[in-house]
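Everything below concerns the one structure shown next.
Laid out in structure tokens, this is it:
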């Protein structure tokens, strides 16, 4: 009885002649999980063993079934830059004792996509797995979510849902008209020369006792702003707490200031090839992935439109980085840091300084050393950027902390305030007594010449190149400049970046009532 049954039993009473046999079947059909036992007694006319007992045992176990397990069940891609993507592999496990049949995997759509899917219907044997990839490629700023449903023959979990989340962010630098300096922490400025553009800190701005430096723009800070004597702000000062001993030509507003979101850099990796440009030599480097990039003393490295990936970038003393943006923007992605040694220079041709951006992902210090010249956008949200004495920066800096030392000049992309050339003689007269326009050098020239002029006072200046017909070829300067001797190089191109024809050209300096014109000759 119970889970045991007897079948095919001989007809009783059964007569078995000497030497013969009779048979019957015992069947075990458990209805419950667990062990059970019973017995069968056979009665006969055997005088020695009139009753024979057969012991029956068995155990009921669960029927073989598939058991699906999926990992991960939730994928958060985090913040991904627009135009970039990130992928995660999903694994489907069969932890059961029967084949798992996957009949459908739903498409999440939108910014999420599935790739490397198994052929459906997919059969996964016990203990085995199948995989596919989920890719997040945001095309718009903001958070988004979706889900993937996996349908199978698992009786307990016929549908498994995977939650997908991600956020699209824009890593493009802040617009040039917004900030020349943007820091998440403190901005410290000491004895600077001039800063042309707006400044913001999500913490504090501290301007130490100066040398009559001028900031032509607004200053804002989330926590506080301190401006010591002999500093002038030709704009507004806005912060909940201010301590002003310098001069502010605009308004001083003690009010709350919103923090400016810092760009979040997505992960990128460098290559394995080191690039070294030997002293006084020139090298052309195509876009791609590299390891360390180092430009030797007085050497030149030329870059063209596209993306560069590297461990770090170092310009040694008087080295030059020539960046041609005529074919489109140039971006450098550095895993670690950027360093410009004394009198090193970054020069942009074929477009605006806004078309060149250096992204630094590490938290190391970035140094623009004495009398170095940097142009472009520097995006280093985890690092401290330090501009040392007499350096010049044209563009926009975004960093965790920013430190500005003596006699530094910082201007926006659109400004025309000029640096001293790093190849110039060591000493240039500080402030001339009168306005003056000097003869260009060399003259004749091909293709580049340098124009030098002097201002006895801070003044609005325009410096333009004209052809022999009096037509404007290129505007070299148009803006406020501090008193002193300035110089600018003309590379023989017009406003569109096209090389002009050989011949005679005129350059005219105008400031207020002062106007002077000189001739120069371009030879090819």
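Numbering (our numbering), first residue to last: -16 to 507. Every residue gets a Cβ at the ideal spot worked out from N, C-alpha and C, and that includes glycine.
**Prompt:** Can you give the Cα-Cα distance for residue 119 and residue 66, rounded to whole angstroms?
**Reply:** 10 Å
**Asked** Alpha carbon to alpha carbon, how far is residue 140 from residue 11?
**Response** 31 Å
**Request:** To the nearest angstrom, report how far apart residue 437 and residue 186 are at their CA atoms.
**Result:** 39 Å
**Asked** Which word fits residue 133, buried or exposed, when buried means at least 16 other C-beta atoms lie within 10 angstroms of its C-beta?
**Response** buried
**Asked** By a C-beta neighbour count over all protein chains shown, 10 Å radius and 16 as the cutoff for buried, is residue 424 buried or exposed?
**Response** exposed
**Helix, strand or coil at residue 338 according to DSSP, with G and I counted as helix** = helix
**Request:** Check whether the Cβ atoms of residue 293 and residue 275 sit closer than 8 Å, and answer yes or no.
**Result:** yes
**Asked** Taking DSSP as the reference, what is the three-state secondary structure of residue 377?
**Response** strand
**Message:** Considering only the alpha carbon of each residue, which of 25, 20, 123 lies closest to residue 5?
**Reply:** 25
**Neighbourhood of residue 68 by C-beta distance below 7 Å, restricted to the same chain and skipping five residues each side** = 118, 119, 120
**Asked** DSSP on residue 273, reduced to helix/strand/coil?
**Response** coil
**Prompt:** In chain order, what residues of the same chain lie with their CB nearer than 6 Å to the CB of residue 492, ignoring the 5 residues before and after it?
**Reply:** 420, 436, 446, 499
**Request:** Determine the DSSP secondary structure at residue 320, reduced to helix, strand or coil.
**Result:** coil
**Request:** Within 10 angstroms of the Cβ of residue 496, are there 16 or more other Cβ atoms? Answer buried if so, exposed if not.
**Result:** exposed
**Neighbourhood of residue 380 by C-beta, 6 Å cutoff - its chain only, sequence neighbours within 5 removed** = 164, 361, 368
**Request:** Quick one: measure Cβ to Cβ for residue 342 and residue 316, integer angstroms, because I've assumed they're closer than 8 Å.
**Result:** 5 Å
**Request:** Please classify residue 457: does DSSP put it in a helix, a strand, or coil?
**Result:** strand
**Message:** Can you tell me whether residue 403 is buried or exposed? The criterion is at least 16 other CB atoms within 10 Å of its CB, across all chains shown.
**Reply:** Bear in mind that the predicted position of residue 403 carries a pLDDT of just 47, short of 50, making it too unreliable to give a figure here.
**Prompt:** With a CB to CB cut of under 6 Å and the five nearest residues on each side skipped, what residues in its chain are close to residue 228?
**Reply:** 211, 212
**Item:** Expected contact under 8 Å - CB spacing of residue -15 and residue 21 to nearest Å
**Value:** 6 Å
**Message:** Quick test of your reading: residue 173 and residue 389, contact by CB under 8 Å. State the CB separation rounded to the nearest angstrom.
**Reply:** 6 Å
**Request:** Answer with buried or exposed for residue 167, where buried requires no fewer than 16 other C-beta atoms within 10 angstroms of its C-beta.
**Result:** buried
**Message:** Helix, strand or coil for residue 499? Go by DSSP, reduced to three states.
**Reply:** strand
**Asked** residue 151 to residue 277, Cα distance in whole Å?
**Response** 34 Å
**Item:** For residue 24, the three-state DSSP class (helix, strand or coil)
**Value:** strand
**Request:** Give the single residue among 363, 61, 392, 359 whose Cα lies nearest to the Cα of residue 370.
**Result:** 392
**Asked** When the Cβ atoms of the segment 342 to 353 are set against those of the segment 252 to 264, are three or more pairs found closer than 8 Å?
**Response** no
**Prompt:** From the DSSP output, which residues share a beta bridge with residue 384?
**Reply:** 367
**Request:** Could you tell me which of 200, 230, 169, 226 sits nearest to residue 194, measuring between CA atoms?
**Result:** 230
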